[in-house]
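Note sheet for the following structure.
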Amino acid sequence: MATAADQNPNDAEPRKPAAEANAEEVAEEEYEEEDEDEEEELDGPAAVAAEREKVQAVFKRLSSNPVGIRVHDVIIKGNTKTKEELIEAEVAELLRAAPNVQDLLRNASIASARLRQLDVFDSVNITLDAGPPELPGTTNIVIEVVEADNPITGNAGIYSKPEARSWSLEGSLKLKNLFGYGDIWDASGEYGWDQTSEVGIGVSLPRFKSIPTPLMARASLSSQDWLKFSSYKERLLGLSFGLLSTMQHDLSYNLTWRTLTDPSQVSSKSIRRQLGHNLLSALKYTYKIDQRNSHLRPTKGYAFLSTSQVGGLWDSKGLRFFRQEFNVRGAVPLGFYNTALNVGLGVGAIIPLGRGFMNLSSSVPDRFYLGGHSSPVCSLSGLSSLLGFRTRGIGPTEPRRLVPSESDDGSAASPGRDYLGGDLAVSAFADLSFDLPLKLFRDTGIHGHAFLTAGNLAKLSGGEYKKFSLSEFGRTFRSSAGVGIILPTKLFRVEVNYCYILKQAEHDSGKTGIQFSFSSPL
Numbered sequence: 000m001a002t003a004a005d006q007n008p009n010d011a012e013p014r015k016p017a018a019e020a021n022a023e024e025v026a027e028e029e030y031e032e033e034d035e036d037e038e039e040e041l042d043g044p045a046a047v048a049a050e051r052e053k054v055q056a057v058f059k060r061l062s063s064n065p066v067g068i069r070v071h072d073v074i075i076k077g078n079t080k081t082k083e084e085l086i087e088a089e090v091a092e093l094l095r096a097a098p099n100v101q102d103l104l105r106n107a108s109i110a111s112a113r114l115r116q117l118d119v120f121d122s123v124n125i126t127l128d129a130g131p132p133e134l135p136g137t138t139n140i141v142i143e144v145v146e147a148d149n150p151i152t153g154n155a156g157i158y159s160k161p162e163a164r165s166w167s168l169e170g171s172l173k174l175k176n177l178f179g180y181g182d183i184w185d186a187s188g189e190y191g192w193d194q195t196s197e198v199g200i201g202v203s204l205p206r207f208k209s210i211p212t213p214l215m216a217r218a219s220l221s222s223q224d225w226l227k228f229s230s231y232k233e234r235l236l237g238l239s240f241g242l243l244s245t246m247q248h249d250l251s252y253n254l255t256w257r258t259l260t261d262p263s264q265v266s267s268k269s270i271r272r273q274l275g276h277n278l279l280s281a282l283k284y285t286y287k288i289d290q291r292n293s294h295l296r297p298t299k300g301y302a303f304l305s306t307s308q309v310g311g312l313w314d315s316k317g318l319r320f321f322r323q324e325f326n327v328r329g330a331v332p333l334g335f336y337n338t339a340l341n342v343g344l345g346v347g348a349i350i351p352l353g354r355g356f357m358n359l360s361s362s363v364p365d366r367f368y369l370g371g372h373s374s375p376v377c378s379l380s381g382l383s384s385l386l387g388f389r390t391r392g393i394g395p396t397e398p399r400r401l402v403p404s405e406s407d408d409g410s411a412a413s414p415g416r417d418y419l420g421g422d423l424a425v426s427a428f429a430d431l432s433f434d435l436p437l438k439l440f441r442d443t444g445i446h447g448h449a450f451l452t453a454g455n456l457a458k459l460s461g462g463e464y465k466k467f468s469l470s471e472f473g474r475t476f477r478s479s480a481g482v483g484i485i486l487p488t489k490l491f492r493v494e495v496n497y498c499y500i501l502k503q504a505e506h507d508s509g510k511t512g513i514q515f516s517f518s519s520p521l
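Quick look at the structure:
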């Protein structure tokens, strides 16, 4: 019997040593078939040497020329709850497509990884067995799975958001493989002090009948507090459906009832115009390529993300817009002290849809915002943040409503300004990472970096495009620079940075000094 894939279930990538062991066992099997007529037996070291020599000869044959083989049968064992048709649908076609031993070993490793990614098995073992004697050149593939002992998993934790000066309590609970179709049911909750709260339930299926891609459905209720930045609170009641999900493509439909309120009653005129209820019916498509060697500290590779969203589908009274965003990342090793240069560029635009669309105003929550302390290197989920600037800390603003005080003179203190976001956004960064001289730091992955970030926002909707000037847009770019120390962990990247504001506008919220950042590789 020849093992084709016997890997750690936590290892998402095929491992070369396993493949080599598999090839050796296939070589032993082939040796037995070729020499089954030999009756002469050697004893002791001579027998071992002769067997090793013949195995090496077959190994040489495998490495020099393809060895033809055909899969006769796929046998599945250990699936007491998981449906056999699910496992076959995931890997059978891939295994049967291999024309030779080399490709079969490679495909078996990929198949093993696919099954582990279902997240319902503790281990997966794929072996190659000899086919029927009357069918030479065939093999039977045996897939042995060990289903999870406990189908219920959960986690909880308290997380800090330094840029918002807040903390949140988050938790989730998952029930796996309830009906044996690899289905995962989950419930999650988040409560943030002075910021946000969210509860949601959902289900995901790796495939449904003849549909080859995973499907997902989720219902959620969330509340987000933007009073400090833009004088409104946002509450969302929504349904989302994952229609297509592959390694590079993702298509989803979202139906959301959105409510904007202003408990402070001091919001600016632009914000007050958008308070109330709206229905958002939107289709969202994401195309993603990520060839970087690491998400926490990339030293080579590239990544590209395109996100397109169309709002107002099948509902002429709801929010109607087209939103497009592009993000590019690149990492280049410099060859000394593990130094690497990371660069990134992000561009986004939102356009209202409808008659006279250039004079219509876009929805404030759907616009682009820049600022915050999240690492631009770590995240590929949107336009990069601008280190040194507060969340929603740059871009078009408008004074809040002036409310007279109850003092005798009737004077009122300045209520501040609301950040309105932009219909056009551009951001860029350059980050130079390097090892620190102490061996203790190198062994633990702690390293240093120097960075430069820049970005700008512009409002185009509501007739503002008439005032837009490309030269003025380039001249008013905000920027910051700094140095810092990075402490990578398995879950997130911690940065302690000194940020220096190079350029900011009159009403921007930027500050030179020490800042902390906690970023997840999403």
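Just so it is clear: in the sequence shown, position 9 is 8 by numbering that gives the first Met the number 0, and no numbers are missing. The beta carbon of each residue, even a glycine, is placed where N, CA and C say it ideally should be.
Cβ separation of residue i and residue j, assumed to be a contact under 8 Å, to the nearest whole Å
| i | j | result |
| --- | --- | --- |
| Thr-245 | Gly-181 | Actually they do not touch by this definition, with Cβ atoms about 16 Å apart. |
| Gln-514 | Gly-387 | 7 Å |
| Phe-450 | Ala-427 | About 11 Å separates the two Cβ atoms, so there is no contact after all. |
| Ser-432 | Asn-341 | 7 Å |
| Leu-172 | Pro-150 | No, Leu-172 and Pro-150 are not in contact; Cβ-Cβ is about 11 Å, not under 8 Å. |
| Val-482 | Gly-444 | Actually they are not in contact, since the Cβ atoms of Val-482 and Gly-444 sit about 18 Å apart, beyond 8 Å. |
| Leu-369 | Ser-479 | About 11 Å; that fails the 8 Å criterion. |
| Ile-86 | Ile-140 | Actually they do not touch by this definition, with Cβ atoms about 11 Å apart. |
| Tyr-522 | Gly-334 | Here the chain has residues from 0 to 521 only, and residue 522 is not among them. |
| Thr-255 | Arg-234 | Going by Cβ atoms, the distance from Thr-255 to Arg-234 rounds to 10 Å, so no, they are not a contact pair. |
Under the three-state DSSP convention, the category residue i falls into
| i | result |
| --- | --- |
| Phe-348 | Before going further, note that residue 348 is Ala rather than Phe in the sequence given. In the structure shown, Ala-348 sits in a strand (DSSP, three-state: E or B). |
| Val-265 | coil |
| Pro-398 | strand |
| Val-25 | Low confidence applies here, because Val-25 scores a pLDDT of 44, under 50, leaving its location unreliable and the question unanswered by this model. |
| Asp-289 | strand |
| Ser-108 | helix |
| Val-119 | coil |
| Phe-356 | helix |
| Ala-97 | coil |
| Glu-531 | As displayed, the chain neither begins before 0 nor continues past 521, which places residue 531 out of reach and without an answer. |
| Ala-155 | strand |
| Ala-524 | Nothing in the structure corresponds to residue 524, since the chain is present only between 0 and 521. |
| Arg-51 | helix |
| Ala-504 | coil |
| Phe-228 | helix |
| Leu-114 | helix |
| Arg-319 | coil |
| Asp-36 | Reliability of the predicted coordinates at Asp-36 is poor, the pLDDT of 44 falling under 50, and no value is obtained from them. |
| Glu-304 | Position check: residue 304 holds Leu in this sequence, whereas Glu was assumed. The answer is strand: DSSP assigns Leu-304 an E or B state. |
| Asp-72 | strand |
| Leu-85 | helix |
| Val-363 | helix |
| Ile-513 | strand |
| Ile-210 | strand |
| Ala-147 | coil |
| Arg-257 | strand |
Residue i - partner residues in DSSP beta bridges
| i | result |
| --- | --- |
| Thr-79 | None; Thr-79 has no bridge partner. |
| Asn-341 | Ala-330, Asp-430 |
| Ala-218 | Ile-200, Leu-238 |
| Trp-184 | Leu-174, Val-202 |
| Thr-138 | Val-70, Ala-129 |
Reference residue i, options the options, closest by Cα
| i | options | result |
| --- | --- | --- |
| His-506 | Pro-395, Lys-175, Gly-420 | Pro-395 |
| Tyr-284 | Gly-300, Tyr-252, Pro-262, Phe-207 | Tyr-252 |
| Glu-324 | Gly-191, Phe-303, Tyr-336, Ala-339 | Phe-303 |
| Tyr-231 | Ser-219, Thr-260, Tyr-301 | Thr-260 |
| Ile-200 | Leu-236, Ser-229, Arg-328, Gly-371 | Leu-236 |
| Leu-344 | Ser-221, Asn-455, Asn-78 | Asn-455 |
| Gly-241 | Val-141, Val-402, Gly-473, Phe-207 | Phe-207 |
| Pro-65 | Asn-99, Ala-281, Val-90 | Asn-99 |
| Val-202 | Ser-196, Gly-191, Leu-214 | Leu-214 |
| Gly-461 | Val-363, Gly-370, Asp-148, Glu-197 | Val-363 |
| Lys-287 | His-448, Gly-420, Gly-77, Ser-378 | Ser-378 |
| Arg-527 | Gln-503, Asn-78, Arg-115, Pro-131 | Beyond the ends of the chain as shown, which are 0 and 521, falls residue 527; an answer cannot be given. |
| Ala-147 | Pro-131, Lys-227, Gly-179 | Gly-179 |
| Arg-271 | Ser-229, Phe-335, Arg-257 | Ser-229 |
| Ile-125 | Leu-134, Thr-488, Ser-221, Ile-109 | Ile-109 |
| Leu-93 | Asp-72, Thr-79, Asn-78, Leu-352 | Asp-72 |
| Thr-195 | Leu-177, Leu-220, Pro-135, Leu-401 | Leu-220 |
| Ser-122 | Arg-319, Pro-351, Ala-112 | Ala-112 |
Interface flag, residue i vs chain C, CB-CB below 8 Å
| i | result |
| --- | --- |
| Glu-83 | Chain labels in this structure do not include chain C; a single protein chain is all it has. |
At 3 residues or longer, what runs of the beta strand (DSSP E) sit wholly inside the stretch 417 to 489?
Complete beta strand (DSSP E) runs here, min 3: 423 to 434, 446 to 457, 477 to 487.
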